[in-house]
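Student: Residue numbers (the numbering used here): 4 to 116.
Beta carbons: idealized from backbone N, C-alpha and C, even for Gly.
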Ligand SMILES: [Zn+2]
Ligand SMILES: [Zn+2]
């Protein structure tokens, strides 16, 4: 499934000091995810409660909740050209975060209003 042009990343940055994962998109938009929220929004079948829910977007409220823990060793690996796999400090790495999904869940005021 090819990503739409507007949903392609130009740059992805993980900042463990700020506890954010930031994506600059080719259309100039910028998305800042709190790491803890992104972990809670893990799109894998296990975290989503079954394969039938994997297409469901996470409740944006997870990005506004206070972080429960700090994530210091987050590793982001590309999956083809359409997604990234994120490996978390707790060893969990089954979540494939597609660009499309990440863009669709952008928690900024402009996207979530
Ligand atoms: Zn998961
Ligand atoms: Zn946005």
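Kindly provide the ranges of any beta strand (DSSP E) runs that are 3 or more residues long and lie completely inside the segment 54-98, ordered along the chain.
Tutor: Fully enclosed beta strand (DSSP E) runs of 3 or longer: 78-82, 86-90.
Student: Sorted by chain position, which residues of the same chain lie with C-beta nearer than 7 Å to residue 73's C-beta, five sequence neighbours on each side aside?
Tutor: By 1-based counting over the chain shown, the position of residue 73 is 70. Excluding sequence neighbours, residue 73 sits near 22.
Student: Nearest to residue 113 by alpha carbon, out of 29, 34, 59?
Tutor: If you number the chain shown from 1, residue 113 lands on position 110. Ranking 29, 34, 59 by Cα distance to residue 113 puts 34 first.
Student: Enumerate in chain order the residues of its own chain whose CB-to-CB distance from residue 77 is below 8 Å, with the five nearest sequence positions on each side excluded.
Tutor: Within the chain shown, the letter at position 74 stands for residue 77. For residue 77, where only same-chain residues beyond five positions count, the Cβ hits under 8 Å are 17, 19, 24, 38, 89, 90, 91, 92.
Student: Based on DSSP bridge pairs, tell me the residues matched to residue 28.
Tutor: Here residue 28 corresponds to residue number 25 of the chain shown, with the count starting at 1. Bridge partners of residue 28: 12.
Student: According to the Cβ coordinates, are residue 48 and residue 65 closer than 8 Å?
Tutor: For the purposes of this step, residue 48 is taken as the residue at position 45 of the chain shown. For the purposes of this step, residue 65 is taken as the residue at position 62 of the chain shown. Not a contact, by the Cβ cut-off of 8 Å.
Student: Nearest-angstrom Cα distance between residue 50 and residue 58?
Tutor: Residue numbering aside, residue 50 sits at position 47 when the chain shown is read from its first letter. Residue numbering aside, residue 58 sits at position 55 when the chain shown is read from its first letter. When rounded, the distance between both Cα atoms is 12 Å.
Student: Tell me the rounded alpha-carbon separation between residue 60 and residue 30.
Tutor: By one-based count along the chain shown, residue 60 stands at place 57. By one-based count along the chain shown, residue 30 stands at place 27. Distance between the alpha carbons of residue 60 and residue 30: 22 Å.
Student: Quick check: is any heavy atom of ligand 2 less than 7 Å from the C-beta of residue 10?
Tutor: Here residue 10 is taken as the residue at index 7 of the chain shown, counted from 1. No, Cβ of residue 10 sits at least 7 Å from all heavy atoms of ligand 2.
Student: Residues in its own chain within less than 8 Å of residue 6 by CB, not counting five upstream and five downstream?
Tutor: Within the chain shown, numbered from 1, the residue matching residue 6 stands at position 3. Reliability fails at residue 6, whose pLDDT of 47 lies under 50, so the model's placement of it is uncertain and no value is given.
Student: How long is the line joining the alpha carbons of residue 98 and residue 109, rounded to whole angstroms?
Tutor: Here residue 98 refers to the residue found at position 95 when the chain shown is read from its first residue. Here residue 109 refers to the residue found at position 106 when the chain shown is read from its first residue. Distance between the alpha carbons of residue 98 and residue 109: 17 Å.
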